[in-house]
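Residue numbers (my numbering): 4 to 265.
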């Protein structure tokens, strides 16, 4: 074990977990292991005299990552942050190795014309990345399904400023048919990204051939656009037998409007 004031941990899903981390209770199902090399780590946990500092070591984001700080005496909140950081990492990097819709699924981002409220210009996403003005502009996401199967889409915004996950689109279970039809598209309108001065964020798309309740994906904050979706039976989970599913990821690099004019 590396003896420093800040310990580096890696989230695992196949090993027994301890009951505590330097006095912080660990929830059942959260399995971690300390590693020597920070390049192998997913989460950094610094246990200091008065506070616990948690930082997600996400290689997809810029190196200037924020640190979440909690008073050490607040053990319940410390355990919650560890759990949320682990789940954030899992959802961000979760993929289907088979990629059944790899060549048939597109995630596009457009500016919205303030007069017509319709998409304008070209797709801002180039090779999975887009430059976005932090405030003052409205955007819309277009999901395209070029496959021969109807799909249920779920779109989330993942905030690199912490461990927040906001659901932008979740179909209602009362919908009689999948909302992303084969050889069709779905538009998800967004409001202006009124965000703190962070460098980047993520759009994560999940699709499946049958309805799945992903309402519990959201954590730490109020949704950006939509109210909490209705929840189905918890047995309807992503990846159950007979279901085909896939994901897509986009990186959003934020800047101020004044910066873009320079």
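Even glycine gets a Cβ: it sits at the ideal position worked out from N, Cα and C. None of the values given here were measured: they were computed from a predicted structure.
Apply the 10 Å Cβ neighbour rule to residue 121 and answer buried if 16 or more other Cβ atoms are within range, or exposed otherwise. exposed
Output the distance between the C-alpha atoms of residue 184 and residue 251, rounded to the nearest integer angstrom. 17 angstroms
State yes or no: is the C-beta of residue 161 within less than 7 angstroms of the C-beta of residue 132? no
Name the residue from 177, 158 and 136 whose alpha carbon lies nearest to the alpha carbon of residue 203. 136
Cutting at 6 angstroms between CB atoms, please list the residues of its own chain near residue 5, excluding the five before and the five after it. Summary for residue 5: the model assigns pLDDT 34, below 50, so the residue's position carries little reliability; its value from the coordinates is reported in the next sentence. Once the five neighbours on either side are set aside, the close Cβ partners of residue 5 are 39.
Could you have a look at residue 162 and say whether DSSP puts it in helix, strand or coil? strand
Should residue 215 be labelled buried (16 or more other beta-carbon atoms within 10 Å of its own) or exposed? buried
Beta strand (DSSP E) runs wholly inside the stretch 116-164, at least 3 long, in chain order: 132-136, 142-148 and 155-162
Euclidean distance between Cα positions of residue 254 and residue 129: 10 angstroms
Write down the C-beta distance between residue 188 and residue 247 rounded to the nearest angstrom, noting that I regard them as a contact closer than 8 angstroms. Not a contact, Cβ separation roughly 19 angstroms.
Report the option in 217, 149 and 163 whose CA atom is closest to the CA atom of residue 107. 149
Where do the N-terminal and C-terminal ends of the beta strand (DSSP E) with residue 104 fall, by residue? It is not in any beta strand (DSSP E) - residue 104 carries neither H nor E in the DSSP assignment.
Length of the line joining the Cα atoms of residue 110 and residue 159: 12 angstroms
Kindly list the residues whose CB is nearer than 8 angstroms to the CB of residue 124, restricted to its own chain and excluding five residues on each side of it in sequence; keep chain order. 113 and 114
So, for residue 269: in the same chain, excluding its five sequence neighbours on each side, which residues have a beta-carbon less than 6 angstroms away from its beta-carbon? There is simply no residue 269 to check, as the chain begins at 4 and stops at 265 in what is shown.
Go ahead and label residue 177 buried or exposed: buried means 16 or more other beta carbons lie within 10 angstroms of its beta carbon, across all protein chains shown. exposed
Which term fits residue 165, buried or exposed, when burial requires 16 or more other beta carbons within 10 angstroms of its beta carbon? buried
Short Cβ contact (7 angstroms threshold) for residue 268 with residue 151: With the chain represented from 4 up to 265, any question about residue 268 goes unanswered, as that position is not in the structure.
Closest Cα partner of residue 140 within the set 174, 118 and 42: 118
Does residue 180 come out as helix, strand or coil in the three-state DSSP assignment? coil
Identify whether residue 86 lies in helix, strand or coil by the three-state DSSP scheme. helix
From the DSSP output, in three-state form, read off residue 256 for me. strand
When DSSP labels each residue in this structure, what does residue 273 get in the three-state scheme? The question about residue 273 has no answer here: the residues shown for the chain are numbered 4 through 265.
When the Cα atoms are used, what is the spatial distance from residue 191 to residue 157? 10 angstroms
Coil, strand or helix - residue 203 by DSSP: strand
So, are the CB atoms of residue 168 and residue 85 less than 7 angstroms apart? no
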